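See below for the structure under consideration.
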Amino acid sequence: MSNAQALTKRDSARGEAARRDQEIEAPALIPLVDISEDDSGITLIADLPGASRETLSLDVHGDTLTIEAPIALEESDELKAVYAEVRSGRYRRSFTLSRELDSSHIDATLKDGVLTLRLPKLEQAKPRRIEVRPA
Amino acid sequence: MVSSLLRFPGDVFADFDELHRQLDRVLGTRNASSSIRAVQRGSFPAVNIGVTPEAVEIFAFAPGIDPSKLDVTVDKGLLTISGERSGYAAEAGAKVNVYASERSDGAFRRVVSLPEDANPDRVNATYRNGILRIQVQKREASRPRRIEVKDAR
């Protein structure tokens with residue numbers, strides 16, 4: 005019985021090691037972005053080649069926006085790598101949002117591996133012209 | 285593990301690539317034994333290459349390009365990927381502030397030298413989710429083959 009116990013213990017240890025191996029992957033790639041701001045909001049464009057609409061995750065937690073996506077190559081099992089410039093299986097990048105942005109109305113589109121995010125400003129944060137009346 | 289292009293052996297050293305590149309730049313020493321067609325890392329589009337028994341597969345990470353404007357040619361054992369990416373990044377103006385402009389735009393061109401056994405007549409290219417995948421079949425003669433042993437009697 006002690007034998008069997010030792011065996012299961014070893015098995016679980018091995019399983020743990022395997023899991024750890026999977027976790028210790030190359031660090032996520034930081035996608036390149038363009039960010040611009042106009043009167044009504046901020047536009048963020050990110051290059052995410054290999055990301056698909058189903059697997060892309062956009063997460064707003066507090067004031068942090070996180071873009072995360074696995075890279076899918078759909079390579080066949082018998083493919084052997086000979087040269088690689090992209091050496092990570094996923095993208096990840098976070099941004100801190102400011103308070104005047106309306107995080108509940110973020111609009112996102114993904115086309116050909118390019119993510120376009122539109123972060124509108126809250127109505128009261130939009131610039132207003134204050135009229136000066138003659139006294 | 286080794287079979288995946290994205291977990292290329294040598295991951296441990298991948299972190300040193302940037303350091304290596306900076307050292308190269310500072311010391312002016314490109315690796316003396318590098319390929320004559322080697323390009324600096326960080327070129328657009330990034331390329332991963334793998335082989336199967338039947339084909340050579342090239343994955344080019346080229347997001348945001350109209351497939352009709354992508355040009356793939358094979359000439360004398362050289363595969364050329366060229367095209368143009370229109371920059372839709374906003375121009376800075378009176379009412380627009382630009383905070384980041386990291387993405388490249390404009391014309392690009394990359395050349396990959398194919399192995400001897402690649403057959404330039406059988407090339408297949410597809411574009412999906414911003415990745416251009418090019419499959420170049422190997423010549424029949426170079427594929428692994430099973431040779432039947434006949435009975436001599």
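Protein chains in written order, with our numbering: chain A, 5 to 139; chain B, 285 to 437.
A virtual CB, placed ideally from N, CA and C, is assigned to each residue, including glycine.
All values reported here derive from a predicted model rather than from experimental measurement.
With respect to the C-alpha of residue 123 (chain A), the residue from A:56, A:36, A:67 and A:81 having the closest C-alpha is A:67. Contact between the region 340-360 of chain B and the region 115-130 of chain A is present: three or more C-beta pairs spanning the two stretches fall below 8 Å.
Put simply, the region 127-136 of chain A does not touch the region 87-101 of chain A. Fewer than three CB pairs are less than 8 Å apart.
Proximity of chain A to residue 424 (chain B) at the Cβ level (cut-off 8 Å) is not reached, the minimal Cβ distance being about 18 Å. What residue 43 (chain A) touches in chain B, judged by beta-carbon distance under 7 Å, is 379, going in chain order.
Taking C-beta atoms as the reference points, residue 349 (chain B) and residue 356 (chain B) fail to come closer than 7 Å. Pairing residue 92 (chain A) with residue 55 (chain A) gives a Cβ-Cβ distance that is not under 7 Å.
Between the region 419-429 of chain B and the region 59-75 of chain A, the count of Cβ pairs shorter than 8 Å is below three; the stretches do not touch. Inclusion of residue 48 (chain A) and residue 386 (chain B) in the CB contact set at 7 Å is not warranted, their separation being larger than that value.
Take residue 76 (chain A), set aside five residues on each side of it, and the residues of its chain with a beta-carbon closer than 8 Å to its own are 54, 55, 56 and 59, in chain order. DSSP places residue 98 (chain A) in the strand class (E or B) of the three-state scheme. Only residues of its own chain outside the window of five on either side were considered, and among them 64 and 101 have a CB closer than 7 Å to the CB of residue 107 (chain A), listed in chain order. Beyond the five residues adjoining it in sequence on each side, residue 111 (chain A) comes within less than 6 Å, by CB distance, of 122 in the same chain, given in chain order. Taking 7 Å as the upper bound on Cβ-Cβ separation, chain B lies near residues 42, 43, 47, 49, 51, 52, 53, 54, 55 and 56 of the region 42-63 of chain A. Straight across, the Cα-Cα distance linking residue 394 (chain B) with residue 329 (chain B) is about 7 Å.
Per DSSP, the unbroken beta strand (DSSP E) holding residue 419 (chain B) starts and ends at 415-422. Listed along chain A are 38, each with a C-beta nearer than 7 Å to that of residue 385 (chain B). Neighbours of residue 409 (chain B) across chain A, judged by C-beta separation under 8 Å, do not exist; the nearest C-beta is about 14 Å away. Against chain A, a Cβ distance below 8 Å from residue 336 (chain B) picks out 80, 82, 83 and 84. The bridge partners DSSP lists for residue 410 (chain B) are B:417.
Proximity of chain A to residue 382 (chain B) at the Cβ level (cut-off 9 Å) is accounted for by 38, 39, 40 and 41, in chain order.
Residue 363 (chain B) is classed as buried because its beta carbon has at least 16 other beta carbons within 10 Å across all chains shown.
In this structure residue 127 (chain A) is exposed. Its beta-carbon is surrounded by fewer than 16 other beta-carbon atoms within 10 angstroms. Secondary structure at residue 290 (chain B): helix, using DSSP grouped into helix, strand and coil. A Cβ-Cβ separation of about 6 Å places residue 334 (chain B) in contact with residue 86 (chain A) under the 8 Å criterion.
With a cutoff of 7 Å on beta-carbon distance, residue 358 (chain B) and residue 407 (chain B) are scored as near each other. Inter-residue distance for residue 428 (chain B) and residue 437 (chain B) is about 28 Å (C-alpha atoms, whole angstroms). Here DSSP, grouped into helix, strand and coil, assigns residue 404 (chain B) to strand.
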